[in-house]
Every structure is written in C-alpha cells, then in structure tokens.
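**Student:** Can you read through this structure? Questions will come right after.
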Amino acid sequence: MPSSISTLPEMPRRPRELPASVPVCYCPAMPDPVTLPVLETPRLRLEPLVPAHATETFGPLGDERLYRFIPGNPPANLAALEARYGLLSGRRSPDDTQGWLNWVMRRRDSGEPVGTLEATVYPDRSSSIAYVVFVRHQRRGLATEGVARMVEHLVVDHGITLLVAEVDTRNAASVGLLDRLRFSRVATVRDADHFKGTPSDEFRYELRPVFPAE
Ligand SMILES: CC(C)(COP(=O)(O)OP(=O)(O)OC[C@H]1O[C@@H](n2cnc3c(N)ncnc32)[C@H](O)[C@@H]1OP(=O)(O)O)[C@@H](O)C(=O)NCCC(=O)NCCS
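The opening residue of the sequence shown carries number 4 in the numbering used here; numbering runs sequentially from there.
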C-alpha cells in the first residue's frame, strides 16, 4: 500500500493546478521560491532562512551531538554561517536547476529558534529533505510538526510528487521521525558515504502523496 500524506496533520487540499509536462528547469513552472512563505503550525513559525538567522542559530548549531550521524560539522564561525545562509537564501542553485528551500523553525510562544528545515526541489517534482532540531528542544514532537508542515507546503504549493530522505542507518531519531511521518523505507545502501572515520550505511525513505477521492 502506498504511503499517504493524507495521514499527516493538515493535509486537506489538492495541489494547485500545474502544467502537465515536466519542466526542463526548476524555474518556469514553480512558484517563485524567492517569495517563500512563512508557514505556521500550532507551536511553530517556519521562517524562510535569511543571513540574519545566523546570529541566533550559530550557538545551538555548535553542539557536536547534532552531527553524529551526518557528514557535516558545526559552523567554523559566525561569518561562515552567514555566508552559507546568504547562498541558501538565493533559493535556487547557481545553475538554476534546483530550488533550495530552507526555513528556521521558531517556537511561537517563546520566540526561540528550535531548528532548521531544508528541501531541495528538482525539475521532476521530487524533493529531498533534511532537518535539524537543536538538542535542548528534541523529543517534543517539534520535528514531526515542522517537517509535516513543510511536506504539506511542498506537495500543495510546489506540486511535489516524491519526497526523499536518506538517513544513516544508526540515526534512530531520524528513522523514528520518518516512521512517524509514514515515509516508507525503500532501500538500504551499504557504504553510501564515509565520514567521521567510519563508513555510513544509509536507508532511503520515500513518501508519495496520495490524496483522498473528492
Ligand atoms: C532527527 C531529529 C530532527 C528529530 O527531532 P525531534 O524533534 O527530537 O523529533 P520528534 O520529537 O518529532 O520525534 C519524532 C519521532 O522520532 C522518535 N525519536 C526522536 N528521537 C529519538 C531517538 N533519539 N531515538 C529513538 N527515537 C527517537 C520519537 O519518539 C518520535 O516518534 P513517536 O512520535 O512515534 O514517539 C533530531 O534528533 C536531530 O536534529 N538530530 C540531529 C540532526 C540529524 O541527524 N538530522 C537528520 C539527518 S537525516
């Protein structure tokens, strides 16, 4: 049985009408990602990433525990993070073939930033996703809430038909999140990567949206 995003919170609408043909470039057929919207959930506000977010996220992103099962490392310094956010906030790859959609998740009650979300959108209407919740905010369902809202946005507003996440097989938290969101594990890739001195086996997870009949 295919996975269904109709099981996710707030997934009531069909995507807007899209051209039948697959675009050859990310840009012409998709909403302008430069005008990426603020998204909301009961507890979170998802703000389109801008360089000014670096000041708030630099501290929590310095926690080494976030990088145990991913290739990255803490940002070297604030200027490096600002420069990275500057690149990402262009919302498109330099060759204009991919949409780079990034958000900072912020608690609506306290205003604290709690993590980041990332979606790379390809011309075939697939998207690979990634996510980080800062350590002191983990295990409260915030990734579930934020990623579900991003997935809804990708499907409804960008016409995405396939969502993909690649996860180190040791990353129990990420596996737990994807199971919670009803992604399907479709493959295991041995030696998919090598970082922090060890080989990394990866699970590939997919979600293909299915809409209830109207
Ligand atoms: C993966 C990550 C984003 C999860 O964030 P989170 O806000 O703690 O996740 P949630 O609280 O929404 O939990 C989602 C599910 O995963 C489970 N889970 C979360 N952390 C877990 C852990 N350490 N071990 C086992 N299961 C875990 C939860 O129990 C929940 O499932 P349930 O609702 O059925 O109980 C967070 O651990 C993180 O940022 N890790 C470091 C960065 C990273 O590895 N990103 C993923 C790259 S692929």
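Just so it is clear, CB atoms sit at the ideal spot from N, CA and C, and this is done for glycine as well.
Return yes when at least one heavy atom of ligand 1 lies under 7 Å from the C-beta of L49, else no.
**Tutor:** no
**Student:** Please classify T191: is it buried, with 16 or more other beta-carbons within 10 angstroms of its beta-carbon, or exposed?
**Tutor:** exposed
**Student:** With DSSP as the reference, label A79 as helix, strand or coil.
**Tutor:** A79 falls in the coil class under three-state DSSP.
**Student:** Spatial neighbours of R128 within its chain, please: CB distance less than 6 Å, with the 5 preceding and 5 following residues excluded, ordered by chain position.
**Tutor:** G162, I163, T164
**Student:** So, at 7 Å on beta carbons, what are the nonlocal neighbours of V136 in its own chain, with the 5 sequence-adjacent residues on each side left out?
**Tutor:** V117, G118, L145, A146
**Student:** Would you tell me roughly how many angstroms separate the C-alpha atoms of R110 and L47, rounded to the nearest one?
**Tutor:** Cα to Cα, the separation comes out at about 5 Å.
**Student:** Between V213 and L52, what straight-line distance do the alpha-carbon atoms span, to the nearest angstrom?
**Tutor:** So the two alpha carbons sit approximately 29 Å from each other.
**Student:** Going along the chain, which residues of its own chain have a beta-carbon closer than 7 Å to the beta-carbon of V37, five neighbours each way excluded?
**Tutor:** Residue placement at V37 cannot be trusted, given a pLDDT of 48 that sits under 50; what the coordinates show is reported in the next sentence. Taken in chain order, the residues that qualify are R94.
**Student:** From S187 to N80, what distance separates their C-alpha atoms?
**Tutor:** In this structure, the alpha-carbon of S187 lies about 37 Å from that of N80.
**Student:** Can you list, in chain order, the stretches of the alpha helix (DSSP H) that have 4 or more residues and sit fully within the region 174-204?
**Tutor:** 175-183
**Student:** When you measure from the CB of T147 to every non-hydrogen atom of ligand 1, does any distance come out below 7 Å?
**Tutor:** yes
**Student:** Please classify G200 as buried or exposed, where buried requires at least 16 neighbouring CB atoms within 10 angstroms.
**Tutor:** Exposed, by the Cβ-count rule.
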